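Asker: There's a structure below that I have some questions on.
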Amino acid sequence: MNEQSQNTGKKANIHAPWRIEYINMLNDRRDGCFICRARDETDRDAENLLLWRTENCLVMMNRFPYSAGHLLIAPNEHVGGMEEMPDNVLLEMMALSRDTQRLLAHSIRAEGFNIGMNIGRCAGAGLPGHLHMHVVPRWSGDTNYMAVIGDVRVVSQALTELYEQLREASAELNLPRA
Ligand SMILES: [Zn+2]
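If you read the sequence shown in my numbering, its first letter stands for residue 84, the second for the next number, and so on.
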């Protein structure tokens, strides 16, 4: 996801200081899976930032985003690799990547996207046991407001507001179509 490098050559998350919370969460919940938890907590979609449930998949906002509107598309089933997934579920994920692009273009005027998967911890997967596709919206010049916010509470508030905005836009667009 376009990790920024400084002159030191070290990988640095200088634009996303709240991600330390994410690292702490992973350490705290080594045995847990936040995707399965969100899937199972059917009465807590807003708290879990879960946007869509489809037949075989779910779409949620990344609580530790690289940019505003950073979404995750995951199969309902806790599987770590694509080889374990049937064709119809893979197709559904691709359809959802199409639908999320439409949602983000409409609701927050995203102009481009980075879409991808990190498979395996060595490839950067924070949650290697549960496959998920990242959809990261981009703008010309990336005037991305979250880049200048370092306060976790502010980010949290921004996420809640954006969640409501994306839910409303989803209804307007009659999405998802998967
Ligand atoms: Zn899982």
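Glycine included, every Cβ here is placed at the ideal spot set by N, Cα and C. Quick caveat: nothing in here was measured; it's all calculated off a predicted structure.
Under the three-state reduction of DSSP, which class applies to L256: helix, strand or coil?
Answerer: As a first step, residue 256 must be located in the sequence shown, where it is residue number 173. Helix at L256.
Asker: Between the Cα of N197 and the Cα atoms of D225, G209, A252, H189, which residue gives the shortest distance?
Answerer: Counted from its first residue, the sequence shown places residue 197 at position 114. Among D225, G209, A252, H189, the Cα nearest to that of N197 is on D225.
Asker: Do M165 and L242 count as a contact pair if the criterion is CB distance below 9 Å?
Answerer: Taking the sequence shown and counting its residues from 1, the one referred to as residue 242 is at position 159. Taking the sequence shown and counting its residues from 1, the one referred to as residue 165 is at position 82. Going by C-beta atoms, L242 is not nearer than 9 Å to M165.
Asker: With distance defined between alpha-carbon atoms, name the residue in Q184, R260, N257 nearest to G152.
Answerer: Translated into the one-based positions of the sequence shown, residue 152 becomes position 69. Ranking Q184, R260, N257 by Cα distance to G152 puts Q184 first.
Asker: Any chance you could list the alpha helix (DSSP H) runs of at least 4 consecutive residues sitting entirely within the stretch 120-191, in chain order?
Answerer: Complete alpha helix (DSSP H) runs here, min 4: 170-191.
Asker: Give the secondary structure of E244 by DSSP, where H, G and I count as helix, E and B as strand, and everything else as coil.
Answerer: What you label residue 244 is simply residue 161 of the sequence shown in a count that begins at 1. Looking at E244 - three-state DSSP - the assignment turns out to be helix.
Asker: In this structure, does DSSP put G115 in helix, strand or coil?
Answerer: Here residue 115 refers to the residue found at position 32 when the sequence shown is read from its first residue. Correct three-state label for G115: coil.
Asker: Say the cut is 8 Å; is the CB of H213 nearer than that to a heavy atom of ligand 1?
Answerer: Position 130 of the sequence shown, counting from 1, holds the residue named residue 213. Yes, since a heavy atom of ligand 1 falls inside the 8 Å radius drawn around the Cβ of H213.
Asker: Is I156 near ligand 1 - that is, is its Cβ less than 8 Å away from at least one heavy atom of it?
Answerer: Residue 156 sits at position 73 when you count from the first residue of the sequence shown. Outside the cutoff, so no.
Asker: When burial is assigned at 16 or more other CB atoms within 10 Å of the CB, is R122 buried or exposed?
Answerer: As a working note, residue 122 is residue 39 in the sequence shown. It is buried - the Cβ of R122 has at least 16 other Cβ atoms within 10 Å.
Asker: Excluding the five sequence neighbours on either side, which residues of its own chain have a C-beta within less than 7 Å of the C-beta of P211, listed in chain order?
Answerer: Taking the first residue of the sequence shown as position 1, residue 211 is located at position 128. Excluding residues within five positions, the ones whose Cβ falls inside 7 Å are G163, G203, R204.
Asker: Ligand 1 heavy atoms versus the CB of H161: any closer than 8 Å?
Answerer: Taking the sequence shown and counting its residues from 1, one reaches residue 161 at position 78. Within the cutoff, so yes.
Asker: Of the residues A206, R127, I191, M216, which one's Cα is nearest the Cα of M200?
Answerer: Counting from 1 along the sequence shown, the entry for residue 200 is found at position 117. If we check each option's Cα against that of M200, M216 comes out closest.
Asker: So does the stretch 146-160 actually touch the stretch 177-191, counting three or more Cβ pairs closer than 8 Å?
Answerer: The stretch 146-160, when compared against the stretch 177-191, does touch it at the 8 Å Cβ threshold.
Asker: Label A206 either buried or exposed according to how many other C-beta atoms from any shown protein chain fall within 10 Å of its C-beta, with 16 as the threshold for buried.
Answerer: The residue labelled residue 206 in the question sits at position 123 within the sequence shown. With fewer than 16 other Cβ atoms within 10 Å, it is exposed.
Asker: Based on the DSSP output, what are the partners of V219 in its beta bridges?
Answerer: On the sequence shown, position 136 is the one that residue 219 refers to. According to DSSP, which records beta bridges pairwise, V219 is partnered with N197.
Asker: State the Cα-Cα distance for the pair V231 and A252, rounded to the nearest angstrom.
Answerer: Taking the first residue of the sequence shown as position 1, residue 231 is located at position 148. Taking the first residue of the sequence shown as position 1, residue 252 is located at position 169. Confidence is the limiting factor: at V231 the pLDDT is only 47, short of 50, which leaves the residue's position unreliable and the question unanswerable from this model.
Asker: Could you compute how far the alpha carbon of C140 sits from the alpha carbon of L258?
Answerer: Taking the first residue of the sequence shown as position 1, residue 140 is located at position 57. Taking the first residue of the sequence shown as position 1, residue 258 is located at position 175. Their Cα atoms are separated by approximately 14 Å.
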